[in-house]
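Q: One structure is given below, represented as structure tokens, and several questions about it will come after.
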Amino acid sequence: KKDTPGLEIANNCNMVGMRATESHDVILNDVPVQPDQLIEIRGEGPPYQNGWLLHIPATYLGIAQAARDYAVDFALEYSPNSIEGTIADLPVVQQNIGQMETKLITARHLLWSTARAYQKMTPQDVVAAETAASKVVVMNEGLDVIDLAM
1 KKDTPGLEIA
11 NNCNMVGMRA
21 TESHDVILND
31 VPVQPDQLIE
41 IRGEGPPYQN
51 GWLLHIPATY
61 LGIAQAARDY
71 AVDFALEYSP
81 NSIEGTIADL
91 PVVQQNIGQM
101 ETKLITARHL
111 LWSTARAYQK
121 MTPQDVVAAE
131 TAASKVVVMN
141 EGLDVIDLAM
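Just so you know, we're using the numbering used here here: the sequence shown kicks off at 1 and counts up by one.
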């Protein structure tokens, strides 16, 4: 409820084109929540997390891999008149491809190790931090790969 003690709506959404959305921040300071106010209560399912959300960073990884593949194919084929051979022979292009590979390996390793943790986990295991890290690292490394590929 709007009049709940400790609840504050920060009127901080003042971007052009977004003012009508009323997308302000909701700040909760020591707000008590009663059981009937909960959005979701844990049911009878397993007492541990499900790794199904890893499909999202896996998609990011696939997009980054495709960008890298396209960049490598382009580098192997493109031959401007100013050089002999293709741009794949240029050190800067080779360095960028190496950076892309390193970032993809990093992202892939973290994503796969998190997926393996889900396969081997017991109810006492918690891999929420690994899942969150996988999503962030894969996304950031993927964006870097795409930037390098361009």
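Think of the CB as a built atom: it goes at the ideal place given N, C-alpha and C, for glycine as much as any other residue.
The model shown is predicted, which means the values in this text are computed figures rather than measured ones.
1. Would Leu7 and Leu28 qualify as a contact pair, given that the criterion is a beta-carbon distance under 8 Å?
2. Once the 5 residues before and after Lys103 are set aside, which same chain residues still bring their CB inside 6 Å of it?
3. Going straight from the alpha carbon of Thr106 to that of Val136, what length do you get?
4. Quickly, what does DSSP pair Val137 with across the bridge? List them, please.
5. Just to confirm before moving on: does the CB-CB distance between Ala71 and Ala10 stay below 8 Å?
6. Return helix, strand or coil for Asp151, following the three-state DSSP convention.
7. Restricting to Cα atoms, I'd like to know which of His24, Met100 and Ala129 is closest to Leu111.
8. Shortest alpha-carbon distance to Val26 belongs to which of Lys2, Val33 and Met15?
9. Exposed or buried, which one is Arg223 when buried takes at least 16 other CB atoms within 10 Å?
10. Could you tell me the distance, in whole angstroms, from the CA atom of Tyr60 to the CA atom of Ala132?
11. Report the rounded CA-to-CA distance for Asp30 versus His24, giving the unit in angstroms.
12. What three-state label does DSSP hand Glu84 in the structure shown?
13. Decide if Leu54 is buried, meaning its Cβ has at least 16 other Cβ atoms within 10 Å, or exposed.
14. In the DSSP output, what is Val26 paired with across the bridge?
15. Check whether the Cβ atoms of Tyr118 and Gly62 sit closer than 8 Å, and answer yes or no.
16. Straight-line CA distance for Met15 to Pro91?
A: Straight from the coordinates:
1. yes
2. Glu141, Asp144 and Val145
3. 12 Å
4. Val137 pairs with nothing; no bridge assigned.
5. no
6. Any question about residue 151 goes unanswered here, given that the chain covers just 1 to 150.
7. Ala129
8. Lys2
9. Residue 223 lies beyond the range of the chain shown here (1 to 150); nothing can be said about it.
10. 14 Å
11. 19 Å
12. coil
13. buried
14. Ile9
15. no
16. 43 Å
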